[in-house]
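Student:
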Amino acid sequence: MAMPDLPQTQARVFHWKCFAFGWVPAWALAIFLASAAIAAAGLSPLANGQSFGAGMFAVADEVSPMAKLGFGLIFGGLALAARKLLRLERAMLRLADILAAITAQLLALALIPADWSRGYGIGLTGERFATETLPIYLAAALVAGSLVTLAEGSCLSNRRALGKVTD
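The numbers in my numbering rise by one with no breaks, and the one at position 48 of the sequence shown is 57.
1) Where does Thr158 land, buried or exposed, given buried means 16+ other C-beta within 10 angstroms?
2) Measuring alpha carbon to alpha carbon, tell me which residue in Gly79, Phe84 and Leu89 is nearest Val22.
3) Pull up the distance between the alpha-carbon of Ser166 and that of Cys27, whole angstroms please.
4) Hey, quick one: how far does the alpha helix (DSSP H) through Ile145 stretch, first residue to last?
5) Drop a sphere of 10 angstroms on the beta-carbon of Phe80, count the other beta-carbons inside from all chains shown, and report buried for 16 or more, exposed for fewer.
6) How far does the alpha helix (DSSP H) with Gln114 in it reach, from first residue to last?
7) Out of Gly130, Val152, Cys164 and Gly172, which has the shortest C-alpha to C-alpha gap to Ala105?
8) Would the stretch 123–141 count as touching the stretch 93–102 if we require 3 or more Cβ pairs under 8 Å?
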């Protein structure tokens, strides 16, 4: 009796290019999505009197490099650990990536010193977990966590179709 084909999962294959293809855009999305929401809500004075796009880029540009790098490296490290240590099926990997992004966002908000948080968290509002911005940061992290899994899966599917990745 032949065994049915099991669905392809990311747990069986890891490819650095596909991971980067998912993680880097997801990292950028988390920064720009939060900046767009902050600009739209009028929570940053930089966005006042500007078009939506200009306000979003002004807010994103104001976010300190330490905040951007801190979030990105924590997020990338946790997402990579989920792939290398947990060996999860794709649906569970998406959940792990969402949790990694949310955890990274919370750790960045909690740990980055106020002097290095320009335009982000305490550097924007004067509070580490301000009620106006925390839901925005967490929603952006949720979307970013989902994106990393989807983009990586798309890359792996394309590489499988080209015969460049085998299970």
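Positions of the beta carbon are idealized from the N, C-alpha and C atoms, including for glycine. What you are looking at is a predicted structure, and each value in this text was computed from that prediction instead of being measured.
Tutor: Taking the geometry as given:
1) buried
2) Leu89
3) 10 Å
4) Leu143 to Ala170
5) Buried, by the Cβ-count rule.
6) Residues Arg99 to Leu120.
7) That would be Val152, whose Cα lies nearest to the Cα of Ala105.
8) no
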